[in-house]
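Top line first, the protein sequences correspond to chains G and Z. Just so we're aligned, residue 1 is where the first sequence starts under UniProt numbering, counting upward by one. Just so we're aligned, residue 1 is where the second sequence starts under UniProt numbering, counting upward by one. Here the structure is laid out as structure tokens; the discussion comes afterwards.
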Amino acid sequence: MGTRYRSILANSWSLLTFLLVVFITFTSATSSKSASSTGDSVVVILDPAKKADYSIFLEELQAKGYTVTIRAPKDEKPLLIEDGVPNFSHVVFLASETKSFSKDINPQTLVELLSSGTNLVLTLGLKQNLLTSLAPEFSLLLPPPTTPLVSFFPERPEPPSVIPISVDTTSTPNDSFSVLSSDVGGSIWFSGTAFALSSNPLLFPILHAPAESFVGDLSDASGLVSDALADAAEKGGEGLWAGSSLAVVAGFQTLVGGGTGHGTDAGSGLEQQARVAWVGGASLFSDEFAKKQIVEKVHQERGMKVVGNASGNKQAALDITGWAFQERGVLRIDDVSHHKLNESGAVEMYTTNDEIVYTVHISSYNPSTRKWEPSSGLKDLQVDFTMLDPYVRTALLPVRGKPGAYSTTFRAPDQHGVFKFVINYKRKGFTHLHHTMTVPVVPPRHDGYPRFLSAAWPYYAGAISTSIGFLLFCTLYLAGEAKEEKKTKKE
Amino acid sequence: MARKTSAASTDPAPRNDAISALFRAYSSNTSDRLKFIDAFLVFLILSGVIQFAYCVLVTNFPFNAFLAGFSSNVGQFVLTASLRSQVNPENKTEFKEVSPERAFADFVLGSIVLHFFVYNFLG
């Protein structure tokens, strides 16, 4: 009796655990999906001792559905890349002041991660480390080490290297899309280094340094800063990192894959494009700056009033990582179709001078619903009809009443050969769209030309006049014969 | 035809006189029927010359149309000329078994075939 009771208990216990496991896997499958379009797992490279400094940022990431793993810089595990496959979808590099890292954290690994579609958020420190040598590969020009960005404006109790940066005026990277959303009100506290950007088309600034700021060494004495400025002024400004052309946050989108994986010949399977956000200082993500108020002096009717506003750091940190983790500005080509005007079916080949209708459907990822939605917001989409050179390049305009559809009608060139429809949409901040589709253009068949031409009318007239002449000749000839017969009969 | 040339060569008069003599001899010695055929031949020559000049001076663009138009003139000319030689009473000895009616029927049939090909080739 006792053994039987025990076995029943054991059975029910195993059933219970089974149900629990099913429940957990089910709930995790539905609710743990993050706002990112590429994956949920994030590894944060951070000294565990400093984890408390970034608690707000890490909690916000988890609230967005990411599974956050903390890895100390010197830990051997978990590996970033295991057996050639990246272990995480996103890497956040917050250990900016650390000098030595474990073996698998090196520039080569980071580049390999990018080429396999892993997104990176990299924060630079004042000291030299592996990122200092990696940054020039992304066309960032770093100032000498241990020189922070300093600004004496606006007047404030904080040290000159802790700077409030206003985001009101900047809308980057373009008019229709801004990495820093409008929720980032007012200013952002920043402390760290700034960098100049070379002319790399894949790189764009997300947050500029203030116009009054410059990069200088504050470590010894405050007087040295002015010396650095005076020295640089003597050299005509050479070697001085200063002004609003510097960036403190920059974005970089890789070209890997060159396709979206959708459509008939979207190219290789390497469809993942990775994003990198370069941040001048890890403190932008810190709790300290997220809580720190921005104190502004506001002019009033009677003198000045001191107003304290919450800083935009928390939202800015989420927006920067949100862009880097491919939550926003993510586009894809769903479908491409083309056909002759006034016909509906797809054709295998076109004849020269055919009117061609080309339509493309584009979706963008919505991080709040976590679904792909048709997107009709692109204003400068265009399609090329190329055979080595683009013979036709025309704008693709959104179709009214069909969300996500862009269409155009154009005449095939008077040239036969193998042509390609090419969409090559590379805009800063957006996923690059690249799609090619090959289609032959053939000359008309022998019976495809018009039979009678207006240019040939002189010759038509010649032939017709000969025929009329022949008929006239016959009638008159026969009439003459009849007359002669009458004459002979009379005689 | 042979008569005309002999008349011109035997006359020792100056060139103007020769031409007028030729014209006089032609108008007096040729029957109305042959004159009518000759008029048609002149029309065909003019039409052919005009088309050839247009082709050389302006354009030969629809070349098939030029060939059709020009060859219709040439072909019609050849058929009409052969009709003329067959119905000429002076050539009766050469065409003993061909009556003028038979010659005309041949001419009509040949012309119809010619025009069929011309219009097929024209466009």
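Idealized CB from N, CA, C, for every residue including glycine.
| request: From the DSSP output, in three-state form, read off Gly164 of chain G for me. | output: Per the sequence shown, the amino acid found at residue 164 of chain G is Pro instead of Gly. Three-state result, Pro164 of chain G: strand.
| said: If I measure Cβ to Cβ from Ile70 of chain G and keep anything under 7 Å in the same chain, skipping five residues before and after, which residues do I get? | reply: Here Ile70 of chain G has Val44, Leu46, Pro48, Lys51 as same chain residues with Cβ atoms under 7 Å from its own Cβ, once five neighbours each way along the sequence are excluded.
| For a contact meaning CB atoms closer than 9 Å, what does Phe104 of chain Z contact in chain G? | Ordered by position in chain G, the residues that pass the 9 Å Cβ test against Phe104 of chain Z are Cys474, Tyr477, Leu478, Glu481.
| field | Exposed unless 16 or more other CB atoms sit within 10 angstroms - verdict on Asn16 of chain Z | value | That one is exposed.
| query | Which residues of chain G have a Cβ atom closer than 7 Å to the Cβ of Asn73 of chain Z, listed in chain order? | reply | Gly462, Thr466
| query | Exposed or buried, which one is Thr264 of chain G when buried takes at least 16 other CB atoms within 10 Å? | reply | Caution is warranted here: a pLDDT of 40 is assigned to Thr264 of chain G, below 50, making its placement in the model unreliable, and the coordinate value is therefore given only provisionally. Per the 10 Å Cβ criterion, exposed.
| In chain Z, which residues lie with their C-beta within 8 Å of the C-beta of Phe470 of chain G? | Gln76, Ser111, His115
| query | Name the DSSP beta bridge partners of Ile45 of chain G, please? | reply | G:Arg71, G:Phe93
| Spatially closest choice to His115 of chain Z from Z:Gln76, Z:Ser99, Z:Ser31, by CA coordinates | Z:Gln76
| request: May I ask you to check if the CB of His338 of chain G is nearer than 7 Å to at least one heavy atom of the ligand MG? | output: The ligand MG is not part of this structure, which contains no ligands at all.
| said: Quick check on the burial criterion: 16 or more other C-beta atoms within 10 angstroms. Buried or exposed for Glu373 of chain G? | reply: exposed
| said: If we define contact as Cβ-Cβ less than 8 Å, is Tyr459 of chain G a contact residue for chain Z? | reply: yes
| query | Can you name, in chain order, every residue of its own chain whose Cβ lies under 6 Å from the Cβ of Glu296 of chain G, other than the five neighbours on each side? | reply | Here the set comprises Val307.
| query | My guess is that Asn119 of chain G and Ala274 of chain G are in contact by the Cβ rule of under 8 Å, so how many angstroms apart are they, rounded? | reply | The Cβ separation is near 5 Å, so the contact holds.
| message | Would Arg393 of chain G and Asp380 of chain G be called neighbours here (beta carbons separated by less than 8 Å)? | response | no
| task | Could you check how far apart the C-beta atoms of Phe88 of chain G and Val42 of chain G are, in whole angstroms? I think they sit under 8 Å. | result | Contact between Phe88 of chain G and Val42 of chain G holds, with the beta-carbon distance rounding to 6 Å and staying under 8 Å.
| Since Met304 of chain G sits in a beta bridge, which residues does DSSP pair it with? | G:His299
| Entirely enclosed beta strand (DSSP E) segments - the UniProt domain "OST48 middle" (338 to 479) of chain G, minimum 3 residues | 355 to 366, 371 to 374, 382 to 387, 389 to 395, 405 to 411, 417 to 425, 433 to 442
| field | C-alpha gap between Glu97 of chain G and Ala209 of chain G, whole angstroms | value | 21 Å
| In the DSSP assignment, what are the bridge partners of Thr488 of chain G? | Answer is none; Thr488 of chain G lacks a bridge partner.
| query | What's the gap between the Cα of Pro143 of chain G and the Cα of Leu197 of chain G? | reply | 11 Å
| Going by beta carbon distance, what residues of the same chain come within less than 8 Å of Ala194 of chain G, once the five residues before and after it are set aside? | Pro143, Leu149, Ala209, Ser213, Val215, Trp241, Leu246, Ala247, Val248, Gly280
| field | Counted within 10 angstroms of its Cβ, other Cβ atoms place Val118 of chain Z as buried (16 or more) or exposed | value | buried
| said: Just to check my reading of the structure: Leu397 of chain G and Ile362 of chain G have Cβ atoms closer than 8 Å, yes? What is that Cβ distance to the nearest angstrom? | reply: Leu397 of chain G to Ile362 of chain G, Cβ: 12 Å. No contact.
| Would Lys489 of chain G count as contacting chain Z if we go by Cβ distances under 8 Å? | no
| Can a CB atom of chain G be found closer than 8 Å to the CB of Asp17 of chain Z? | no
| said: Quick check on Asp319 of chain G: buried or exposed, where buried means 16 or more other Cβ atoms within 10 Å of its Cβ? | reply: buried
| request: Label Gly69 of chain Z either buried or exposed according to how many other C-beta atoms from any shown protein chain fall within 10 Å of its C-beta, with 16 as the threshold for buried. | output: buried
| field | CB of Glu355 of chain G within 8 Å of CB of Arg411 of chain G, strictly | value | Yes, the Cβ-Cβ distance between Glu355 of chain G and Arg411 of chain G is below 8 Å.
| message | Does any residue of chain G have a CB that is nearer than 8 Å to the CB of Ser47 of chain Z? | response | yes
| From this set, G:Pro86, G:Glu59, G:Lys99, G:Gly239, which residue's C-alpha is nearest Gln272 of chain G's C-alpha? | G:Pro86
| the stretch 47 to 67 of chain Z: positions lying closer than 9 Å to chain G by Cβ | Ser47, Gly48, Ile50, Gln51, Tyr54, Cys55, Val58, Thr59, Phe61, Pro62, Asn64, Ala65, Phe66, Leu67
| field | Supposed close pair Val74 of chain Z, Gln86 of chain Z - CB separation, criterion 8 Å | value | The beta-carbon separation of Val74 of chain Z and Gln86 of chain Z, rounded to 19 Å, does not stay under the 8 Å limit for a contact.
| task | Just confirm the distance between the C-beta atoms of Leu79 of chain G and Val68 of chain G, as a whole number of angstroms; I'd bet it's less than 8 Å. | result | The distance from the Cβ of Leu79 of chain G to that of Val68 of chain G is about 17 Å, inconsistent with a contact at the 8 Å cut-off.
| request: Check whether the Cβ atoms of residue 130 of chain Z and Ala455 of chain G lie closer than 8 Å to each other. | output: No statement about residue 130 of chain Z is possible, as the shown extent of chain Z runs from 1 to 123 and does not include it.
| message | Cutting at 6 Å between CB atoms, please list the residues of its own chain near Gly125 of chain G, excluding the five before and the five after it. | response | Ser96, Glu97
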